[in-house]
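Note sheet for the following structure.
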Amino acid sequence: MRKIDARPIVGGAVVFLVIGLVAFGVYYFLVAEPAAEELAASRLVVLDRINSLMSLGTEAAVRKALDCSSRLQGANSVAEVQAILVEVNAGIRVEQLRRELLDLVAAAAEGSYYSADGGDGRMAAPELAEFRETMLAEVNARTTLAELEACRAEINERATVIWRNLHTGELGKLGDNVAMLNGGANSGGYLAKEEARRYIAGLGWEGLRELKFEGYGTVEVPVLDTFQRTPTLTAGTRVNIYVYDLVTGVMENLWSNAVVRAVVYSQTDVARIAWVLSERENMDSYSTDIWETIKALSAGGEGAENVDWEGYGAEVVRRGLEANLGHYPLQVIYVVEVPDEIGRLIAEYEFQETSIKDVILVARV
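Numbers in our numbering are just positions in the sequence shown, counted from 1, shifted up by 324.
This is the structure we're talking about:
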């Protein structure tokens, strides 16, 4: 039997194996590996955008994110991944607008005094709850940017009508004069009912949600001031009440159209008045201590009866104004009528529980 020499065959196989390994290496390092890295990098970009879509939290965003994530796992080319990226980016734009509108609906259903569900000291309003549910369904039913953008005007219009009708209904339960609270009972004013109706007719829902109208029980609280700042205030004057923050320099309206019920002047400043009477060469002077006179009169002293002491302080100040004279350091206490909550705030400021606030009265003209 003749022997076959296998060396040429083995040598040829080795040569072909080496050539194949070189070719595979060239393909892997120059083609396959860069393509795999590009595909992996593209996947990471798309995955990050999918997470952004998911974070928007809308039902449509979650569904779209899950669908795109599933398809991304099966994508075998950069072109497929890029197509998914385009779809995700389009979904983000749509769902960002949807999220904005859903938040707008939620805000429109919540106010300082009324809300869809109540809580936090606010009253539940069924009409707000119905508005919220209806508009949330409307927003979630829209699928395109154009449809969603058209929904914005509808939300604003419906919310304004709902809030206006709510306040109109509450006003119908009240008398001819009402108190209007604005923004958590921190400010407001008195209005006639017709004034209140005209006022709410000019507001959108953003302003209406801050209001509440009610009949009012009132208290009388003292405000200490000086004649220099308030020379024209008398009993019966209507005033706007402001609070000045001594730290920030900001002055805010606390209550409007309040009534000054009484004015009390400083005993030290107006109780002792001196007169001078001159006739030709003769000059006489005399003074009256009105406080002592009042005490004598109260005790039944006959010598005090010829003094007209009723309204004495107001009369002294009135005559001083008519003569264009003024004792600027004159201390005055104004007793103003305000609702209970506003009275509590004024008392805090006036008795220096909050020492950085100054109450200022401004006469309405």
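All residues carry an ideal CB built from backbone N, CA and C; glycine is no exception.
In this text the structure is predicted, and so the values were computed from the model without any measurement.
Continuous alpha helix (DSSP H) stretch holding residue 540: start and end: No alpha helix (DSSP H) contains residue 540, which DSSP labels as neither H nor E.
With DSSP collapsed to three states, give me the class of residue 533. coil
On the criterion of 16 or more Cβ atoms from any shown chain inside 10 Å, does residue 669 qualify as buried, or is it exposed? buried
Across which residues does DSSP place residue 690 in a beta bridge pair? With the chain covering 325 to 689 only, the question about residue 690 has no answer from this structure.
Same chain, Cβ closer than 6 Å to residue 511, neighbours up to 5 away in sequence not counted: 577 and 578
Measuring straight from C-alpha to C-alpha, what distance separates residue 430 and residue 456? Looking at the two C-alpha atoms, the distance is approximately 7 Å.
Residue 479 classed as buried or exposed, judged by whether at least 16 other C-beta atoms fall within 10 angstroms: buried
Is residue 401 buried or exposed, if buried means 16 or more other CB atoms sit within 10 Å of its CB? exposed
Spatially closest choice to residue 572 from 395, 680, 559 and 538, by CA coordinates: The alpha carbon of residue 572 has as its nearest neighbour, out of 395, 680, 559 and 538, the alpha carbon of 680.
With distances taken from CA atoms, which of 387, 676, 562 and 369 is nearest residue 467? 387
In its own chain, which residues sit with a C-beta less than 8 Å from the C-beta of residue 590, not counting the 5 before and 5 after it? 654, 655 and 656
Along the chain, where does the beta strand (DSSP E) that runs through residue 444 open and close? That residue, residue 444, is in no beta strand (DSSP E); it is neither H nor E in DSSP.
C-beta atoms of residue 561 and residue 584 nearer than 9 Å: yes
Please report how far the alpha carbon of residue 349 lies from the alpha carbon of residue 369, in whole angstroms. For residue 349, the pLDDT reaches just 48, beneath the cut-off of 50, and the residue's location in the model is therefore unreliable, leaving the point undetermined.
Among 435, 406 and 471, nearest to residue 530 - alpha-carbon criterion: For residue 530, the nearest C-alpha among the options comes from 435.
Bridge partner(s) assigned by DSSP for residue 588: 657
Whole-angstrom distance between residue 417 and residue 371, CA atom to CA atom: Here the alpha carbon of residue 371 sits roughly 16 Å from the alpha carbon of residue 417.
Where residue 495 and residue 537 are concerned, what is the direct C-alpha to C-alpha distance, given to the nearest angstrom? Linking residue 495 to residue 537 through their CA atoms gives a straight-line distance of about 7 Å.
Buried or exposed: where does residue 419 fall if 16 or more other Cβ atoms within 10 Å of its Cβ makes it buried? buried
Quick test of the definition: if touching needs 3 or more C-beta pairs under 8 Å, does the region 434-451 touch the region 403-411? no
Would you mind working out which of 663, 644, 534 and 390 sits nearest residue 377, comparing C-alpha positions? 390
Please go through the region 397-434 and give each complete beta strand (DSSP E) segment of 3 or more residues, from N-terminal end onward. none
Starting from residue 666, follow the alpha helix (DSSP H) in both directions and report where the run begins and ends. 664-674
Between the beta-carbon of residue 547 and the beta-carbon of residue 674, is there less than 9 Å? Their beta carbons are under 9 Å apart, which means residue 547 touches residue 674 by this criterion.
Does residue 516 come out as helix, strand or coil in the three-state DSSP assignment? When secondary structure is reduced to three states using DSSP, residue 516 falls in the strand class.
Using the Cα positions of residue 520 and residue 385, report the straight-line distance between them to the nearest angstrom. 44 Å
How should residue 592 be labelled, buried or exposed, when 16 other C-beta atoms within 10 angstroms of its C-beta is the threshold for buried? exposed
Can you tell me which of the three DSSP states residue 484 falls into? Helix, per DSSP.
Quick check on DSSP: helix, strand or coil for residue 291? Residue 291 falls outside the range modelled here, since the chain spans only 325 to 689, and no answer is possible.
Between residue 396 and residue 367, how many whole angstroms is the CB-CB distance? I'm expecting something under 8 Å. 6 Å
N-terminal and C-terminal residue of the beta strand (DSSP E) that residue 553 is part of: Residue 553 -> no beta strand (DSSP E), and no H or E assigned at all.
Looking at the unbroken alpha helix (DSSP H) that takes in residue 463, where does it start and where does it end? 450-465
Would you identify the three-state DSSP class for residue 680, choosing helix, strand or coil? Reduced to three states, the DSSP call for residue 680 is coil.
Less than 9 Å separating the beta-carbons of residue 535 and residue 527? yes
Cβ-based burial, residue 575 [other Cβ within 10 Å; buried from 16]: With fewer than 16 other Cβ atoms within 10 Å, it is exposed.
Presumed contact (8 Å Cβ cut-off) between residue 563 and residue 638, rounded CB distance: In this structure, residue 563 and residue 638 do not form a Cβ contact; the two beta carbons are roughly 17 Å apart against a cut-off of 8 Å.
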